[in-house]
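Novice: Have a look at this one.
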């Protein structure tokens, strides 16, 4: 298998096959092969990716007491974690967070809610928030609210939401070991509803939950069926009290291998740093941006401080992107 030939095919508009992707990761113990992979991914990123870095921000709009049993999640009611628990944030908090992120130059803004779905008065309030944000302008509006039905998707879109986020989280073969209260088919149904309502799709997941490298390739290939415009890659941050609290961290090279493979499988999507990137070295963060990562969730996330925005801007510009 010739990495150069695969790269040239992708640059010409073709794609890597599943067999090639699996075979490639079997050869990554060979350092020259790894370097060839990284250089191929860097060329593909440079050709197809925008030079303007794709920034987004989120607000944890409803926290805790989630009935789902996802083993990685601090917000699941199934596990004894110390996560903050609160109902839907009030109007002023939401608008203040949106203004702060917009003023910092971040392009997208999303409300994220814990729980299986959002209905009733909570959905009414969320749509009111989005309608106001849409009238104000200045931010591209996204939403991440679980397994919504067709009516809820339509209402969000009418309120100004242009992109819906619903992660597959991991490969088809590994997901059932991590969650039993919903399925990936439920997620595919939700994604189809969002697309039917007129929204773009943001869909990715988490690495470092105990999956093999082959399962990461499987995950990347599964995402090709979804055809998202944005793929957020989270790196597991083990939460005390969850079943994955003692999961060992990934080595930097495993993370970079994953980013590079994802770039070959998804030449044109925004691959987005999400949670957990503080668990990798500054060098690896910069190398990831060279070989594939061209977007990030920035700002306060769910737990970090807004001071991170300034540091992120500096790193983004050092890596040759515009902000």
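Numbering (this note's numbering), first residue to last: 7 to 329.
Quick reminder that beta carbons are idealized off the backbone N, C-alpha and C, glycines included.
(1) What are the complete alpha helix (DSSP H) segments, minimum 4 residues, inside the region 71-131?
(2) So, helix, strand or coil for residue 149, using DSSP?
(3) Give me whichever residues DSSP pairs with residue 279 in a beta bridge.
(4) Taking just the CA atoms, how far does residue 280 sit from residue 234?
(5) Does the contact criterion of 3 or more C-beta pairs under 8 Å hold for the region 224-233 versus the region 65-83?
(6) When you compare only the Cα positions, how much space is there between residue 22 and residue 97?
(7) What three-state label does DSSP hand residue 66 in the structure shown?
(8) Going by CA-CA distance only, name the one from 259, 172 and 118 that's closest to residue 40.
(9) Looking only at its chain, what residues have a beta carbon closer than 6 Å to the beta carbon of residue 124, apart from the 5 residues adjacent to it on each side?
(10) Say whether the region 159-169 touches the region 129-141, bearing in mind that this needs 3 or more beta-carbon pairs closer than 8 Å, one atom from each stretch.
(11) Compute the distance between the beta-carbons of residue 228 and residue 174, then report whether it is under 8 Å.
(12) State yes or no: is the C-beta of residue 261 within less than 8 Å of the C-beta of residue 294?
(13) So, are the CB atoms of residue 79 and residue 248 less than 8 Å apart?
(14) If you count every other CB in all the chains shown that lies within 10 Å of the CB of residue 317, and 16 or more means buried, which is it?
(15) Just tell me which of 114, 140 and 220 has its CA closest to the CA of residue 208.
(16) Could you tell me the boundaries of the alpha helix (DSSP H) in which residue 57 lies?
(17) Just to check my reading of the structure: residue 54 and residue 328 have Cβ atoms closer than 8 Å, yes? What is that Cβ distance to the nearest angstrom?
(18) Can you list the alpha helix (DSSP H) stretches of 4 or more residues lying completely in the region 190-220, in chain order?
(19) So is residue 182 in contact with chain D if we call contact Cβ pairs under 8 Å?
(20) Please report how far the alpha carbon of residue 90 lies from the alpha carbon of residue 37, in whole angstroms.
(21) Check residue 251 in the structure and name its three-state DSSP category.
(22) In angstroms with no decimal places, state the Cα-to-Cα distance between residue 3 and residue 140.
Specialist: Concretely, from the data shown:
(1) 97-109
(2) strand
(3) 239 and 302
(4) Counting only the Cα atoms, residue 280 lies some 16 Å from residue 234.
(5) Counting C-beta pairs closer than 8 Å gives fewer than three between the region 224-233 and the region 65-83, which falls short of the contact rule.
(6) 47 Å
(7) DSSP places residue 66 within a strand segment (E or B) once states are collapsed to three.
(8) 259
(9) 151
(10) yes
(11) yes
(12) yes
(13) yes
(14) exposed
(15) 114
(16) Note, residue 57: premise wrong, no alpha helix (DSSP H); not H, not E.
(17) The pair is not a contact, with the Cβ atoms about 16 Å apart (cut-off 8 Å).
(18) 190-203
(19) The chain inventory of the structure shown lacks chain D, comprising one protein chain alone.
(20) 44 Å
(21) Residue 251 falls in the coil class under three-state DSSP.
(22) Because residue 3 is not part of the residues shown, which for the chain are 7 to 329, the question remains open.
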